[in-house]
Amino acid sequence: MRAMAATSRSAFLESWSNRAGFWTQVLTMVFNDIAWVVFWSLFFRRVGAIRGWDTPRVLLLLAVFTTAGGIVLGVFANCRAIGRMAGAGELDAALALPVHPLGHLLLRRVNTTNLGDIAFGIVLFVVGCQPTVERTAVFVLGVVCSAVLLTGFLVAIGSLSFFAGRDDAGDLGFHAMLMFAAYPVDVFGGAAKLLLSTVLPAAFVATIPARLVDDFDPRLAAALVAMAGAFAFLGWATFQAGLKRYTSGAAWTRA
Amino acid sequence: MVLRALRVSAATAARQTLAQPSGLVVTLFFYVCVVSVLSTLWRTATAANDGAVAGYSAVALTWYVATSEAATVSMNTRLIEETGEDIASGSVAVELLRPISVVGLRIATELGRCLPRVVACGVLGVVYARILAGPPPRLLPLLLAAPSLVLAVTCNLVAQHAFAGVSFWIRDARATWFLYQKLVFIVGGMLLPLEVLPPAMTRVALVLPFMAMAYAPSRLASGHLDLWLLAAQLGWLVLLGGLAVAVFSRGERRLQVVGG
């Protein structure tokens, strides 16, 4: 654990070393996220509520999505790169360390830009989502589950390149997941909604956590926790299985 | 001679794009995801609003979204950042040795890289919109949307180079691509037709260059025979082209005097 904490600390210090660059990147992402607030505000102003979703509810979804997405893509930045590194045989440095390679890889690099998402999401929740003690507790639970699920999904899909040798599946999965998760899944119906709640669990990334904050349902919360656990296990198991197929590319990188 | 060099550069870049089918597959997959989400959203919205939003039917909005996304998804979203890095790092200085305009060659290369993706997204968009929503509202405007789509992508590329040229003066202007991209999203009409914006905002958006990059071809594809949109795109292309050349010319002089 101490080694992991030290790895994480050094990743943050690396990101923080260029103060001007740090704040520029964080503020850039905050501005990017504000554009989505503008889009949704304009959209609902024109069309009114649809299928139970209106501006305040979508802002809640956006708060969960950006906070969880910021944690995954900002703090565990390498979870998007595992497929590329595995396919290119760039994991040698991580495998030589006396810590679990997956944990080390996830914590090794911080993406400063996505830290802006975390700041934005938290501020949006505090300012625009009527935080009470209960709502804040459910928000935190939702964000944690969402981040665990998203990390597990990205690791699992990235680890497929241990077997395929290419990271196309990782790229496709990443784009699809973020795209579908950023919108209320309730606008979809039938088979699409079922797909987004199971194989590509985008519904559990933001829609369901946001619904829980507004209207807590213990069974739905249990399903969210179970889904997060299942995808965390899937990510770990796929990575472990993939490691047995790993072939070094003789490239000693910082991983 | 110059035109031939630009044409060869564009053709080579196009062949490079086609030689990497996995990149093209990712682009097309992402395109289908975005069009699915946005068209579903708009179709749900029209169903909740007596079948039309801001004068657009569900069918028109599906064709609108399929076109606006083809115009933007096929672009290299980080072009401003990458061009800015080349300028800030000084590596652009090597390109000054060539007997041809730096910005001209860069735009031609990027256009060549982009066109196969535009064509692929455009063809897929026509098929997908037909399946999702039905036939296009009107055929003639849809046919005009094809050249308009190429003009939209060209305007966008040229404007991105003009924007990235700021890096000749500001060392770290890379992050500005986020700002540019969001302007195309909202006031360029990528996410929503400009008629959906509040009236004052619509009026402002219609006189900005970003409308030439997504709104113009999408408005045509959604069945509106507004020929002035093509004229506006040509006008913006000339203006933005002049701006990009001016920015790079001054920037290159500065690079030669001050160093990279």
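Quick note, the sequences are listed as chains S and Z, same order.
For the first sequence, this note's numbering begins at 216 and goes up steadily by one.
For the second sequence, this note's numbering begins at 591 and goes up steadily by one.
Where is the CB? At the ideal position from N, CA and C, for every residue including glycine.
As the structure is a computational prediction, the values presented were derived from the model and not from experiment.
Residue i - DSSP class collapsed to helix/strand/coil
| i | result |
| --- | --- |
| residue 646(Z) | strand |
| residue 238(S) | helix |
| residue 670(Z) | helix |
| residue 760(Z) | coil |
| residue 690(Z) | coil |
| residue 416(S) | coil |
| residue 559(Z) | The requested residue 559(Z) does not occur in the structure, where chain Z is confined to residues 591 to 850. |
| residue 780(Z) | coil |
Selection from the options that minimises the alpha carbon distance to residue i
| i | options | result |
| --- | --- | --- |
| residue 441(S) | 237(S), 357(S) and 252(S) | 357(S) |
| residue 814(Z) | 742(Z), 651(Z), 663(Z) and 640(Z) | 651(Z) |
| residue 609(Z) | 707(Z), 658(Z), 834(Z) and 820(Z) | 707(Z) |
| residue 254(S) | 776(Z), 793(Z) and 808(Z) | 776(Z) |
| residue 770(Z) | 723(Z), 781(Z), 757(Z) and 753(Z) | 753(Z) |
| residue 337(S) | 377(S), 274(S) and 307(S) | 274(S) |
| residue 458(S) | 221(S), 302(S), 256(S) and 446(S) | 302(S) |
| residue 232(S) | 325(S), 408(S) and 267(S) | 325(S) |
| residue 616(Z) | 363(S), 390(S), 463(S) and 368(S) | 390(S) |
| residue 709(Z) | 719(Z), 688(Z), 795(Z) and 739(Z) | 739(Z) |
| residue 701(Z) | 603(Z), 845(Z), 649(Z) and 632(Z) | 603(Z) |
| residue 614(Z) | 596(Z), 733(Z) and 665(Z) | 665(Z) |
| residue 461(S) | 220(S), 256(S), 267(S) and 297(S) | 297(S) |
| residue 227(S) | 347(S), 449(S), 286(S) and 403(S) | 286(S) |
| residue 620(Z) | 693(Z), 758(Z), 715(Z) and 755(Z) | 715(Z) |
| residue 732(Z) | 755(Z), 693(Z), 759(Z) and 820(Z) | 820(Z) |
| residue 351(S) | 430(S), 404(S) and 410(S) | 430(S) |
| residue 730(Z) | 686(Z), 816(Z), 597(Z) and 711(Z) | 816(Z) |
| residue 632(Z) | 399(S), 339(S) and 366(S) | 399(S) |
| residue 426(S) | 235(S), 267(S) and 388(S) | 267(S) |
| residue 845(Z) | 673(Z), 758(Z), 596(Z) and 717(Z) | 758(Z) |
| residue 712(Z) | 811(Z), 678(Z) and 792(Z) | 811(Z) |
| residue 432(S) | 406(S), 349(S), 230(S) and 448(S) | 349(S) |
| residue 445(S) | 236(S), 363(S) and 222(S) | 363(S) |
Cβ shell of residue i (< 8 Å), same chain only, five flanking positions each side left out
| i | result |
| --- | --- |
| residue 668(Z) | 767 |
| residue 360(S) | 419, 424, 439, 440, 442 and 443 |
| residue 219(S) | 314, 318, 319 and 322 |
| residue 688(Z) | 695 |
| residue 691(Z) | 592, 835 and 838 |
6 Å Cβ shell around residue i - same chain, five flanking residues per side excluded
| i | result |
| --- | --- |
| residue 808(Z) | 654, 657 and 658 |
| residue 421(S) | 276, 279, 280 and 396 |
| residue 414(S) | none |
| residue 373(S) | 297, 298 and 385 |
| residue 463(S) | 304 and 307 |
| residue 453(S) | 371 and 374 |
| residue 600(Z) | 698, 701 and 702 |
| residue 335(S) | 245, 248 and 281 |
First through last residue of the alpha helix (DSSP H) which encompasses residue i
| i | result |
| --- | --- |
| residue 344(S) | Neither: residue 344(S) is in no alpha helix (DSSP H) and is coded neither H nor E. |
| residue 221(S) | 217-231 |
| residue 814(Z) | Element bounds for residue 814(Z): n/a, residue is neither H nor E. |
| residue 271(S) | 270-285 |
| residue 311(S) | Segment: none, residue 311(S) is in no alpha helix (DSSP H) and carries neither H nor E. |
| residue 750(Z) | 729-754 |
| residue 776(Z) | 766-776 |
| residue 455(S) | 433-458 |
| residue 423(S) | 422-429 |
| residue 322(S) | 316-323 |
| residue 611(Z) | 611-637 |
| residue 265(S) | Counting along the chain, residue 265(S) falls outside any alpha helix (DSSP H), and DSSP gives it neither H nor E. |
| residue 795(Z) | 789-796 |
Cβ shell of residue i (< 7 Å), same chain only, five flanking positions each side left out
| i | result |
| --- | --- |
| residue 540(Z) | Look at the range of chain Z in this structure, 591 to 850, and you will see that residue 540(Z) is not part of it. |
| residue 644(Z) | 783, 785 and 786 |
| residue 310(S) | 316 |
| residue 312(S) | 319 |
| residue 693(Z) | 751, 834, 835 and 838 |
| residue 804(Z) | 658, 661, 662, 742, 774, 778, 779 and 780 |
| residue 649(Z) | 723, 724 and 727 |
task = Please determine if the region 271-288 of chain S and the region 334-346 of chain S are in contact, where contact requires at least 3 C-beta pairs separated by less than 8 Å.
result = Output reads yes: the region 334-346 of chain S touches the region 271-288 of chain S.
- Message: Quick check: the region 787-798 of chain Z against the region 606-626 of chain Z, are at least 3 beta-carbon pairs closer than 8 Å?
- Response: No, they do not touch.
Note to self: If contact is defined by three or more beta carbon pairs under 8 Å, each pair taking one atom from either stretch, is the region 741-753 of chain Z in contact with the region 793-802 of chain Z?
What the structure shows: The answer is yes - the region 741-753 of chain Z touches the region 793-802 of chain Z, with three or more Cβ pairs under 8 Å.
- Between the region 653-667 of chain Z and the region 735-747 of chain Z, are three or more C-beta pairs nearer than 8 Å? Result yes; three or more Cβ-Cβ pairs closer than 8 Å.
**Request:** Taking 8 Å as the threshold, find out whether the region 292-312 of chain S comes into contact with the region 321-336 of chain S through three or more Cβ pairs.
**Result:** Cβ pair count under 8 Å is three or more, so yes.
* Are the region 626-639 of chain Z and the region 246-264 of chain S touching by the rule of at least three beta carbon pairs closer than 8 Å? -> Result yes; three or more Cβ-Cβ pairs closer than 8 Å.
**Asked** If we count Cβ pairs, one from each stretch, closer than 8 Å, do we get three or more for the region 239-246 of chain S versus the region 327-334 of chain S?
**Response** Contact between the region 239-246 of chain S and the region 327-334 of chain S is established, with three or more Cβ pairs separated by less than 8 Å.
>> Under 7 Å, CB to CB, which of the residues in the region 763-796 of chain Z have a partner in chain A?
In response: No chain A appears in this structure, whose protein chains are S and Z.
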